[in-house]
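Trainee:
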Amino acid sequence: WAIPRYRLLRAEEDWSYLADPQMRGHDWLDPLKYIPLGRRENWYLTVAGEMRQWFEHYTNEDWGVPPVPPAPNERPVEGNGYLKQRYMFSGDFHFGSRFRVFGELHSGFVNWRAGGPRPIVDNNKLDVNEAFVDVNLGVDQREMPTVTLRVGRQELHYGTGRLVSIREVPNVRASFDGVRLIFNTRRWRIDTFATKPVLTQRGFFDDRPDHTQTFWGVFATGPIRSAPFNLDL
18 WAIPRYRLLR AEEDWSYLAD PQMRGHDWLD PLKYIPLGRR ENWYLTVAGE MRQWFEHYTN
78 EDWGVPPVPP APNERPVEGN GYLKQRYMFS GDFHFGSRFR VFGELHSGFV NWRAGGPRPI
138 VDNNKLDVNE AFVDVNLGVD QREMPTVTLR VGRQELHYGT GRLVSIREVP NVRASFDGVR
198 LIFNTRRWRI DTFATKPVLT QRGFFDDRPD HTQTFWGVFA TGPIRSAPFN LDL
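In short: position in the sequence shown from 1, add 17, done, that's the working numbering.
1) Below 8 angstroms on the Cβ atoms is my guess for V64 versus G113; work out the distance and round it to an integer in Å.
2) How many angstroms separate the CA atom of R242 from the CA atom of D208?
3) Work out the CA separation of E30 and T217 for me, nearest whole Å.
4) Fully enclosed by the stretch 197-249, which alpha helix (DSSP H) runs are 4 residues long or longer?
5) Specify whether the stretch 164-171 and the stretch 140-153 touch according to this definition: at least 3 beta carbon pairs, one from each stretch, less than 8 angstroms apart.
6) By alpha-carbon positions, which one of W233, D157 and F222 ends up nearest to L198?
7) If V156 sits next to L166, beta carbons under 8 angstroms apart, how far is it from one beta carbon to the other, in whole angstroms?
8) Restricting to Cα atoms, I'd like to know which of F200, R203 and T229 is closest to K213.
9) Cα separation between R22 and T231?
In structure tokens form, the structure reads like this:
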């Protein structure tokens with residue numbers, strides 16, 4: 018059994034193997050990754066979190082555009098250095114192989130940036146990053162989902178994230194409100210989705226979907242036979 022790794026999308030992690038007591042102890046955080054919920058099989062909670070401190074410093078940030086002259090008695094600003102802080106906490110509830118509830122809170126702050134925090138990507142005091150329900154409409158002999166209906170606030174990140182991304186490098190990650198149908202075969206995964214992007218606000222629990230936009234489509238990824246790479250469509 019391959020020990021799973023921490024993933025960019027926490028909702029994609031699978032810690033069900035820890036149901037076997039002999040598989041525990043490989044990571045000091047195993048007790049948080051599999052918390053039994055009663056005595057029912059495959060009923061458990063996974064707890065996760067993140068605290069990221071990221072310092073950035075830019076020189077000639079405006080690519081040669083002359084900076085705004087300083088006010089009288091002020092020193093000119095040379096470069097722009099600032100601290101990005103991100104805090105995230107999630108709970109992943111599994112109720113057997115058919116039903117799952119995932120929730121994640123996030124908070125972000127930017128300190129010391131010349132010009133103040135940028136809109137959307139820098140500050141968000143506290144809000145819901147993800148809150149969705151999974152219903153597995155089909156499972157295989159290993160109790161792994163083959164068809165999953167996902168409804169609620171969720172992250173979308175496809176391929177290398179060039180076009181559809183969770184916005185990992187900026188301070189506040191991006192999410193979408195909507196519905197997704199996920200098909201898993203032995204080799205391919207196909208997502209069909211209809212969502213609205215979530216507008217990031219700076220206050221407490223004030224993020225909301227942007228009803229002026231709708232983002233929908235299909236994404237498929239899988240290996241090409243006899244080729245050392247995958248194909249994304």
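Where a beta carbon is used, it is the ideal one built from N, C-alpha and C, also for glycine. For clarity, every value in this text was computed on a predicted model and none was experimentally measured.
Mentor: With the given structure in hand:
1) Actually they do not touch by this definition, with Cβ atoms about 19 angstroms apart.
2) 21 angstroms
3) 25 angstroms
4) none
5) Counting C-beta pairs with one atom in each stretch, the stretch 164-171 and the stretch 140-153 have three or more that are closer than 8 angstroms, which means they touch.
6) Nearest of W233, D157 and F222 to L198, Cα basis: W233.
7) Not confirmed; about 13 angstroms, so no contact.
8) T229
9) Cα-Cα distance, rounded: 33 angstroms.
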